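Worksheet: one structure, shown below.
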Amino acid sequence: MSAETETPAQPLRVWVDQDLCTGDGLCVQYAPEVFEFDLDGLAYVKDDAGELHLSPGSRVDVPGHLRLEVIDAARDCPGDCIHVLRAADDVEVAGPDASE
Ligand code: SF4
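Rendered as structure tokens:
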């Protein structure tokens with residue numbers, strides 16, 4: 411398999427850097443199954459059981475049917491703080507550290 415392959419079928423993971431989150435809620439609008447506000451008014455990621463991950467840097471798997479929504483959220487996030495990584499090699503495919 412080519413290291414450059416970035417087919418949409420590859421499993422992705424996502425995390426949010428709360429230090430930069432503006433709390434505007436764009437990500438929650440895009441993918442409420444993946445992003446949710448906690449009481450502090452900042453966005454956190456949720457796993458497929460609906461559990462919020464509050465530890466800094468916590469990653470969750472991106473559900474296959476929400477890949478595009480999560481990538482769009484990372485690209486449009488005003489805080490530049492949503493990081494979408496390929497699960498296989500941790501390469502960031504959308505977010506502030508993506509190479510594209
Ligand atoms: S889009 Fe970005 S800045 Fe806005 S609430 Fe979500 S993580 Fe925070």
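Numbering-wise (our numbering), the sequence shown opens with residue 411 and increments by one.
Backbone N, C-alpha and C fix where the C-beta goes; we use that ideal spot for every residue, glycine too.
These figures come from a predicted structure and were not determined experimentally.
Is the closest heavy atom of the ligand SF4 to the C-beta of residue i under 7 Å?
i           : result
residue 422 : no
residue 488 : yes
residue 434 : yes
residue 483 : yes
residue 441 : no
residue 426 : yes
residue 453 : yes
Please classify residue i: does DSSP put it in a helix, a strand, or coil?
i           : result
residue 489 : coil
residue 504 : strand
Using a Cβ-Cβ cutoff of less than 7 Å, which residues in the same chain neighbour residue i once the five nearest sequence positions on both sides are dropped?
i           : result
residue 462 : 446, 448, 454 and 456
What does a CB cutoff of less than 6 Å around residue i pick up in its chain, not counting 5 residues either side in sequence?
i           : result
residue 442 : none
Between residue i and residue j, which are expected to be in contact by the criterion C-beta below 8 Å, what is the C-beta distance as a whole number of angstroms?
i           : j           : result
residue 427 : residue 493 : 7 Å
Quick one, which of the options has its alpha-carbon nearest residue i's?
i           : options               : result
residue 459 : 482, 478, 471 and 451 : 471
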